[in-house]
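This report refers to the structure that appears directly beneath it.
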Amino acid sequence: MASAKKYWKGFGDLTSDPDSEAIETREFPTAIPIDPFLNGDGKAYDAQASRRDFLKWAGFSTAAATLAACEGPVVNAIPYVVKPDELNPGVADYYASTVYDGHDFSSVLVKTREGRPIKLQPNTSSGHYAYPNTRVQASLLSLYDIDCLKEPLIAGRAATWAQVDKRVRRDLDAATAAGQKIVLLTAPVISPTFSLLWKQFKQKYPSAEWVAYNPISNSGAVAAYQAVYGQTALPGYDFTKADVIVSVAADFLGDWFGGDHSRDYALRRNPNQAMSRHFQLESNLSLTGANADYRIPIKPSEQAQAVAQMYRAIAWGQQTRDPRIRAAIEALKKAGPAGLLVSGTNDGDVQLLVDAVNRKLRSRAYRPEAPVYLKAVTDAPVKGLISDMKDGRVGVLLSHRVNPVYDAPDSSAFVAALKNVKTFVSFDRRRDETASLAHVNAISHHAMERWGDAKPKIGIYTLQQPTIRPLFQSRQMEDSLIAWMGGVLEGVDAALANDSTATYIPPVTECKLTFHDLLKKNWTENILKGDSTWFSALRAGYYERRDELHPVSPADIDLSPALTRAENRYAKTGKIELQLYSEIGMGAGAQADNPWLQEFPDPLTRATWDNYLTISKVQADELGLKNWRDSKGALNGDRVNLSVKGRTVKNVPVLITAGQTYGSVGLAFGYGREKAGKTALINGNPIGVNAFQLYVDRDAIQTEVQIEKADGAHGFALTQLYDTMMGRGESIVKETTAQIYNRGKSDKSRYNPSEKLLTIDGKQPVSKVDMWAARDRSLGPWFNLSIDLNACTGCGACVVACHAENNVPVVGKDEVRRFRDMHWLRIDRYYASDMSYEKAEAEGRSEGRAFFRALEQPEENPEVVFQPVMCQHCNHAPCETVCPVAATSHGVQGQNQMIYNRCVGTRYCANNCPYKVRRFNWFRYAENDAFDFHMNNDLGRMVLNPDVVVRSRGVMEKCSMCIQMTQASILKAKREKRPLRDADLSTACATACATGALVFGDIDDENSEVHQLHDAEKNKRKYYLLEAVGTQPNVFYNLKVRNKIE
Amino acid sequence: MSSHYESPYREPLVLGDKTYRQISADIVKSVAGPAARSWWIAFGISLALSLWGLGCILYTIGTGIGVWGLNKTIGWAWDITNFVWWVGIGHAGTLISAVLLLFRQKWRMSINRSAEAMTIFAVMQAALFPIIHMGRPWLAYWVFPIPNNFGSLWVNFNSPLLWDVFAISTYFSVSLVFWYMGLIPDFAMIRDKVTRPALRKIYAVLSFGWTGRAKHWQRFEELSLVLAGLATPLVFSVHTIVSFDFSTSVVKGWHSTIFPPYFVAGAIFSGFAMVQTLLSVVRKVLRLEDYITRLHIDYMNRVILLTGGIVAVAYITEFFIAWYSGSPFEDYTYLSWGAATGPYWWAFWSLISCNILIPQLLWIRSIRRNFVWTFVISIVINIGMWFERFTIIVVDLSKGYLPASWSMFSPTFVDIGVFLGTIGFFFVLFLLYSKNFPVIAQAELKTILKSSGENYKKRRDTDAQR
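As they're listed, the protein sequences go chains A and B. In our numbering, each residue's number is its place in the first sequence (first place is 1) plus 36. In our numbering, each residue's number is its place in the second sequence (first place is 1) plus 820.
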């Protein structure tokens, strides 16, 4: 039966409307306008339109049809066939996690886009270890490292996990049978669940031993804590409780005992509240010393004596012999419980004295009852391990995140002993100096790919979760151990495992149960204990158990032998002493192949891609060592051979550094990596020298040092070539003392005078002398960035954050040497110089050359100031007026915007920028093998932020005030139909800043923090950089206040 | 004929026993005859240099501006130095042909053609630099206010670089028209004199059908005046606008109100020096000793002394103000103690000695009228004026407001190659011109032969005695 169904096309069809019937008969619903081309009776010759019109139309149609046939370059965007629920293209997801690579620890928020982690941000809700430092932030780039191993290896050849498991289990069994030890050598592990797993592993393999190894030793401090408090840990500190801080070479704003003191320290550096006073006694100018109110240069060997004298003065009330430290001791005494003594030494005796002093003071800032487990390992087990290996007592050596072949001072002994180990299994992703000797490379995950947990401090638990499926055929170390245990976990059954978080599929494992299952069980049962749920802990990334905090009772130890030993420790010293240290950028060198870190300028020397011997000017002159600038302005230096107790490191470049104590030299760890991947090599040679070679007895202080000038010169890549402000301080960095500031709070002309210009109407403030119309601020927010020079410690976390957020290219040592680094945000470091025209005149060197030379020279022990400088987003921007094509112009939210597409690259804007913040793309930095870093391969480019364009060659670029972040916040607020809130707004640098030195927001929003800071009536410290130029920036500074007594 | 009278005390402008016919013959000789061997050698060297320069330019465009020695602090160096230097050189030609025409300076007639040719060729070299110094030179047309389909994009009329675009293009077109217009009667003369049919055809085309009718001459004279009137303000405006590139900026050392007059004087100073350099060679090679005389170089040296004096006063003013301001930001501007004793002391002292000290020799009459001395001093001035622009740009940029960003500049082989290339290209053009074009404005020169020619002057003297 034929269907009688009829489908109506519309109501007209239904009602049989004559109009719609008429339409139906036509081919096109409306008439095609061909009439102008034809006359009434369809003949062309008499048409309304002329022949020329016809040709025009025909020609246009032909051309349009032809052009439409052309194709532009096609880039395929492949959509999800099945879109994961939690993933929206273009919308970032954040996961709370933990980064710990054995060296640096931090809670983080992992920003992912389309399933790719692209940035590590602070997990600000966590009160501890919340702010990732430079190295933690940069560790993300290692995830996308093209050099790392992509599959497990046996004897250097690719293997499957089944083969690996078979081989290793065989060897483990053989070692057990032969009564040989199975040793797991790891970096300090602070994972409570791993400890649980290890117990089970030991049950299976009773001869298993776990040795933790810390390349930069804390052994003495740990031993001291152990002696007094009976626990393997380091004491906790609370810098917010300290009115007076006396630090004897403790770089607590850097790497000291695992860090995480910057925020607490900076909280007490606000001059509007009670400001702490900070004394620093040290030989190398450290980040911490640079922030101190009083910096007292001492030789490395004098550290022990200094602490001993403090002990004598405070515990026994003795007079202090040394006039240099008398003020510090008096201040400590006066402060009493509000005082704090810290020491960076690895000498257990000295640390015992420090503990005693703090207890005597009843220091509130000293918290031995809150022990820190991070990096709390002693050296003894490693020494035992090497002798065990040598004697063939070790059957299987498993190593994870350690590189003793590079960083053990007796690495040759280790390599020799390794020959007697039957099977050496390395879990490291990279074939570094140690892993390349392994028989089996059972590659483990990157921190972004793995499950894990950590307990850095008592009561603080953090979780680590994968944010991306493993990129390669790797398997996390814990899962490997489980596999080798036979895939059985005690107390975890398969049912629970099947119930586990559905999204997690262990990619390559032979067994059903994984570390994740154990982790979940351990957390639920032993850590959360029903007070919270696994998922809420996972969401937060951490869990805090306050009930673990108990008062401690220190053991009563007779300190007189320790005192005697400390005082006589360095009784015999040479003329020059060596203090080894770690830089904030490179640390112990585990990430020497990380382009972001290599290009990160050291906050103090401003050097990139290098380590060097830091030496004082006077000492260098005595030894005939020189630094000089070449015709490009780049710095060159002499080289020396440095010998310590019969060991020599050759060709160490010498960098003359202000603040280095006379009689001492400094050398940073972390360089001289031979097998760290392409980035750590230049022309096949390692970058820098290996300072671990001189780390004799794992003591960072070496007193018997010979320095001998070597041939040849070394080229440095410095991002700043002049150290002082050349008498321009009042316009660049304003500073005062707390005394003056507090006395004259109402009258800021005493410490923060506004700059005035002489006009026809007399002297006028700069803001009144203005030829331009004011900007229209009526539309939307008006963004400002406040930079507090008191809170800024110069750590540089913002620099790396800016790199990651804005796809800032890495250019390499040669280009940095040509002064072409691309950092959008730099931290200028100035050394104080007390030179003035008056002083020079008195010294008879006020004329010409002599005067300028005098101005260039920093003091021997200078005050230091760090000044973060990025685009100042001037309201009267010099760059905007000079661009011929208007490629840089002002946004309605106050930003000075750079339109890359429009830029033709005249560089006039950069020339006219008084702040020199504009960066030019001299070459194509992406997809160019001449810049063999991460942007020339598909894997490395996965780290790029898709919200920020990768700039092409020949265009200018600069800080955008993270416009992609503010625009996203504005759109979000719009979508949610609510006004913009202060908390919505941030920039990459302000987000990364641990000390709150950078505050970003809308000054038109009266509830915003930056609004309060912008108000010059309320914030007396506000000033503009180079205000007299009249640029009226949207970035302002808060002047530096030192807590000094004049 | 009163117009054919000139005081016997004035030195003749045309030496020797010249007649109208003789002048024509002298001009046609070099055009019609084969090129000399020395011409070919010079041409070969120039061509090689210009090809080398072209290679360097292509390398720059292909790889990136990074092949130059610039850095994040110093965004311009040799590129804009060369630009300003070449533009400055161009100024003398226009001054000679336009301003001296308006002032009825007859001595200009032997030199104005070559001076104008020099202007045009120099401006061509200059115009190259703003294009190749761009990071993306293939988008150079974006600096023109042409309607486009990029939305409502328009150029930034506040930018001195844009003013440069207008200034240079106007200057180039007016100069070119002025120069070519003057060439027309001379081309016609050559057309009538040469014998080879091919040459005759070429010059027939070039001469635009000039027949020398009275009406033609009348229009020629009128147009000359009109174009001279147009070109005269350009002499002052072009370098004024070039100086705005610097003086409207906020860079210390650049931001200076005396830049416009000082730059114009400097441009004329260097332009006359270049004319001296070129004509010293041309008069020898093309045997034009009778036309380009001691009197000519004497007059030009006087202009050099005057403009050099203005430049010297400007230097002293700049130096004084930098010191007198007492501002630490002025310590290192290109004319300051900081520059004189800093890493660029050699550039500073080259500038002082080449531009101020050595040209003072020209106060001595015998040196002023000596061809060799003039040649040497003119070269020295050319070098000095290049250093002037170099110090203004590089020294001022290298030590800006924030000492943390201070740096230095050192050229790469590409920087040097591009500069040498433009010198080569300039001489390629100039040699082609001197071989094929009438190098002396013979039609004009003939108008003063009877008043200022040595022969006629002598005859007048003897007539008077008789």
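Just so it is clear, CB atoms sit at the ideal spot from N, CA and C, and this is done for glycine as well. Bear in mind the structure is a predicted one, so any value in this text is a computation, not a measurement.
Taking 8 Å as the cut-off, decide whether the C-beta atoms of residue i and residue j are in contact.
i	j	result
Ala-774(A)	Ala-1033(A)	no
Val-247(A)	Leu-434(A)	no
Ala-1167(B)	Phe-1207(B)	yes
Asn-897(A)	Gly-695(A)	yes
Ser-298(A)	Arg-305(A)	no
Ala-727(A)	Asn-647(A)	yes
Gly-763(A)	Leu-891(A)	yes
Val-953(A)	Met-906(A)	yes
Ala-1052(A)	Phe-1036(A)	no
Quick check on residue i - is its C-beta less than 8 Å from some C-beta in chain B?
i	result
Gln-800(A)	no
Val-835(A)	no
Asn-842(A)	no
Val-805(A)	no
Leu-757(A)	yes
Thr-693(A)	no
Cys-106(A)	no
Classify residue i: buried if its beta carbon has 16 or more other beta carbons within 10 angstroms, exposed otherwise.
i	result
Asp-797(A)	exposed
Gln-1129(A)	The structure shown has nothing for residue 1129(A), since chain A only spans 37 to 1082.
Trp-1037(B)	exposed
Asp-535(A)	At Asp-535(A) the pLDDT is 46, less than 50, meaning the model places this residue with poor confidence; the figure from the coordinates comes in the next sentence. When all chains shown are included, Asp-535(A) counts as exposed.
His-970(A)	buried
Beta-carbon of residue i versus every beta-carbon of chain A: anything under 8 Å?
i	result
Gly-1073(B)	no
Arg-1103(B)	no
Asn-968(B)	no
Arg-956(B)	yes
Ser-1170(B)	no
Phe-986(B)	no
Gly-836(B)	no
Phe-1207(B)	no
Tyr-991(B)	no
Tyr-825(B)	no
Phe-1149(B)	yes
Quick one: measure Cβ to Cβ for residue i and residue j, integer angstroms, because I've assumed they're closer than 8 Å.
i	j	result
Ile-951(B)	Ala-960(B)	5 Å
Ser-870(B)	Gly-1273(B)	Contact flag wrong, Cβ pair sits at about 39 Å.
Lys-745(A)	Asp-666(A)	About 19 Å; that fails the 8 Å criterion.
Ala-132(A)	Ala-576(A)	6 Å
So what's residue i in DSSP terms, helix, strand or just coil?
i	result
Glu-405(A)	strand
Leu-525(A)	coil
Met-311(A)	coil
Asp-638(A)	coil
Gly-864(B)	helix
Gln-929(A)	coil
His-297(A)	coil
Arg-830(B)	coil
Leu-703(A)	strand
Ala-934(A)	The amino acid at residue 934(A) is misidentified as Ala; the sequence shows Met. The answer is strand: DSSP assigns Met-934(A) an E or B state.
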